[in-house]
Every structure is written in C-alpha cells, then in structure tokens.
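*Asks:* Here it is: the structure, laid out below.
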Amino acid sequence: MNEDEVARSAQLALLLEVSAYPKPGNVDRTHDFINTSYEHFLASSVALYPVLREAAVRGREIEVDIGIGELVRRGVEESAAWQDGGNTHFGALLLLLPLAVAAGACKSYEIARVKRKAMEIMLKTSMDDAIEVYRAFQKTKVKVRKDVQEFDLTDEASVKEIMEKQLSFYEILTISAPYDLISRELVSGFELTFRYARLINDLAIENHIRINDAITRAYLHLLSEEEDTFIAMKFGTEKSRYVSKRAKQIVENGYERKEIEELDAELIMERLNPGSTADIIAAALFIGILGGLRF
C-alpha cells in the first residue's frame, strides 16, 4: 500500500481516538490531565507522521532487520520534540508501527494478509529491537509494576541481561504478555485490534452510528471485556477489575450517556486512565480506516 495512505490512516486513527468523548478516564476534547492535555495528543499525532510513513516504506523495501525498535525510539523522540506533555503514544506506537510496516508490504489492503504479515514482523524482531524499545521506554517515564522483577523496563541492568541472553523483542514480550495487554496483543497476532476494527466498522457503517459514538462504544466494550493493564500497573488489579465491572454495566444498560459521564468523572478524579484500552482502539481505528472506513 502507498506509504502516504498508510501514514495518513494511522495519523487519523490517533486523532479520532483522542477526540472521541466521553471515553471514561482518558484525555479527550472535554478535559485534560494535570500535565498532559488534549493539545499535547494532537501535537504528538502530527509529529509521528514521518515515522509512520517510514514504517510503511520499510515494509515495502526491506525483508529483514526492519528496525521496529528504532522506529519506536524515533517515534518517542519526535513526539517529545513537538510537545511537553510527556508520554502520549508509546503503547499506540508499539501497535501501529508493525501494522504500518505490514500494510506497506502489501500491494493492496487484504485484511488477512496484513494481519499475517504483522505477526511475521513481530516474530522476526531482534535483540537490537528490544534494546531500542527499552531506551525509548526510559524516555517516556511511564510508571510500571514494581512487583515484576524480570526485565524491568525502568532498570538499566535489564539491557545488559537482554544482551547476555540474546533475547529478541518478541521473546521479551512473551514474558510480559500474561500481565500486560499491549504485550499480549503483539504476540497473539493483534486479535483484539482486528476484532474491534470490525466492531467499529459495524457500528459506524452498518448501524449508522456517529463515528464519535462508535469509538466510545467500542472503547467501553473492550474495557468491559479486558481489564486495563495500564491501570493495573499503576494502581493494582483490584482497581482495574472495578473499572471493567463498571464498563460492563454501562454496556449491558445500552450505553446510557449519563452513566458514561458519571464513570468518566469518577475515573478522572481518581486518575484512573485506561490507557492500554485506548491504545488498542487507536490501532483498531487504523485497521478500519485502511480497510475503507469513512464517515
């Protein structure tokens, strides 16, 4: 696929995801976090364009050693160069970049082929990719679980251990997959990404629901099905389980606006941000837009 089409699709996905409201607990067009604003996400989404485009170019031109890790690091650096709101898109980059490479490797959009190619790309990641991602993560200052000792992303000694054991990025992700939603998605063939791309498409096209509401419904549906590990890493599993339970109630009650706004206010007050859920919805939007989703 054309690299500009791929990059535009990814960029639009990021812009739509952060703009949809209300998405309980997330930054959106109606409220900010203390140090991170809606405008920071907009700036980051624009800043990432050249990296997303380069990913698609590499998919077309390079068979091996694509450099996913380097692309992640460059994405983090580009984002930081254009806004000072901290981490905005680290998780989304981890998902979008292999998908963008896969799309660039395909002459035309075929959902099964893009999905298969993305998984092949992850399986072929290297030790250098792992080290680059660790370096990038350290720049984001994201808080992670302290009770997970293996390959602590905040510990410089982890890089040395990766080098000693010659571990690829994919191999490290298999270690974190049991407790991290994004890692699980990257090693399981992007199952949630493609499933929710279909859901968003069905809501927006088949059911004629506004794209904003299709996104918020997909977000709540995913949150009701999967405990958000970004919350779990910062506040523990009891909190992430509670948030999923509340989301499930909203889904079962038919997405009542008042209920959604009440949960949003509660999560914002307690600083419970389902960031992993938002990242997967951004990736799902990318796949949907690549496949022709228009609104």
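Going by my numbering, the sequence shown opens with residue 4, and the numbers climb by one from there.
We treat Cβ as the ideally placed atom computed from N, Cα and C, and that holds for glycine.
Computed from a prediction, not measured in an experiment: that's the story for all the values here.
Output the residue ranges of the beta strand (DSSP E) runs that lie fully inside the stretch 43–114 and measure 3 residues or longer, sorted by chain position.
*Replies:* Counting whole runs of 3 or more residues, the stretch 43–114 contains no beta strand (DSSP E) stretch at all.
*Asks:* Could you compute how far the alpha carbon of Y137 sits from the alpha carbon of M130?
*Replies:* Roughly 11 Å between the two C-alpha positions.
*Asks:* What would DSSP say about L288, mapped onto helix, strand or coil?
*Replies:* It is helical.
*Asks:* When DSSP labels each residue in this structure, what does G278 get in the three-state scheme?
*Replies:* Three-state DSSP puts G278 in a helix.
*Asks:* Would you call the stretch 217–237 and the stretch 270–285 in contact, with 3 or more CB pairs under 8 Å?
*Replies:* The stretch 217–237 vs the stretch 270–285: in contact.
*Asks:* When you compare only the Cα positions, how much space is there between S40 and T143?
*Replies:* Roughly 16 Å between the two C-alpha positions.
*Asks:* Can you give me the C-alpha to C-alpha distance between A160 and A133, rounded to a whole angstrom?
*Replies:* Roughly 13 Å separates the two Cα atoms.
*Asks:* In its own chain, which residues sit with a C-beta less than 8 Å from the C-beta of Q152, not counting the 5 before and 5 after it?
*Replies:* Unreliable placement is indicated for Q152, whose pLDDT of 49 sits below 50; no coordinate value is reported for it.
*Asks:* Just the Cα atoms here: how many angstroms apart are E80 and G89?
*Replies:* In a straight line, the C-alpha of E80 is about 11 Å away from that of G89.
*Asks:* Nearest by alpha-carbon distance to S227: which of L102, N204, K242, I253 is it?
*Replies:* That would be I253, whose Cα lies nearest to the Cα of S227.
*Asks:* State the DSSP-derived secondary structure class of H211, mapped to helix, strand or coil.
*Replies:* Three-state DSSP puts H211 in coil, outside helix and strand.
*Asks:* Under the three-state reduction of DSSP, which class applies to D31: helix, strand or coil?
*Replies:* Strand at D31.
*Asks:* Is it buried or exposed, E20, if we count other Cβ atoms within 10 angstroms and call 16 or more buried?
*Replies:* Answer is buried; the Cβ neighbour count reaches 16.
*Asks:* Would you grab the beta carbon distance between A83 and A10 for me? Rounded to a whole angstrom, and I think it's under 8 Å.
*Replies:* Their Cβ separation, rounded to whole angstroms, is 19 Å, which puts A83 and A10 out of contact at 8 Å.
*Asks:* So, F238 versus K118, is the Cβ gap smaller than 7 Å?
*Replies:* In this structure, K118 does not lie closer than 7 Å to F238 by Cβ.
*Asks:* Please say whether A13 and L99 have beta carbons closer to each other than 7 Å?
*Replies:* Against a cut-off of 7 Å, the Cβ pair of A13 and L99 comes out as a contact.
*Asks:* Hey, could you find the ends of the alpha helix (DSSP H) K168 is sitting in?
*Replies:* Element bounds for K168: 160–168.
*Asks:* Tell me whether I37 is buried or exposed, calling it buried when 16 or more other Cβ atoms sit within 10 Å of its Cβ.
*Replies:* When all chains shown are included, I37 counts as exposed.
*Asks:* Is DSSP giving F36 helix, strand or coil here?
*Replies:* Coil, per DSSP.
*Asks:* Between R297 and I208, what straight-line distance do the alpha-carbon atoms span, to the nearest angstrom?
*Replies:* So the two alpha carbons sit approximately 8 Å from each other.
*Asks:* Let's test the definition: count the other Cβ atoms within 10 Å of the Cβ of D31 and tell me whether it reaches 16, buried, or not, exposed.
*Replies:* Buried is the call here.
*Asks:* Specify the secondary structure class of D216 as computed by DSSP and reduced to three states.
*Replies:* Three-state result, D216: helix.
*Asks:* With C-beta atoms as the reference, is G28 less than 7 Å away from L225?
*Replies:* For G28 and L225, no; Cβs fall outside 7 Å.
*Asks:* State the DSSP-derived secondary structure class of Y258, mapped to helix, strand or coil.
*Replies:* Reduced to three states, the DSSP call for Y258 is coil.
*Asks:* So, at 6 Å on beta carbons, what are the nonlocal neighbours of S179 in its own chain, with the 5 sequence-adjacent residues on each side left out?
*Replies:* Excluding residues within five positions, the ones whose Cβ falls inside 6 Å are S186.
*Asks:* Measure from the alpha carbon of L176 to the alpha carbon of each residue in R63, E229, L223, L126, then state which is nearest.
*Replies:* Answer by Cα proximity: L126.
*Asks:* Can you tell which of L189, Y182, P181, T128 has the C-alpha that lies nearest to the C-alpha of Q169?
*Replies:* The candidate whose alpha carbon is nearest that of Q169 is T128.
*Asks:* Tell me whether the stretch 283–290 and the stretch 259–266 touch, counting them as touching only if at least three CB pairs, one residue from each stretch, are closer than 8 Å.
*Replies:* At 8 Å Cβ cutoff, the stretches do not touch.
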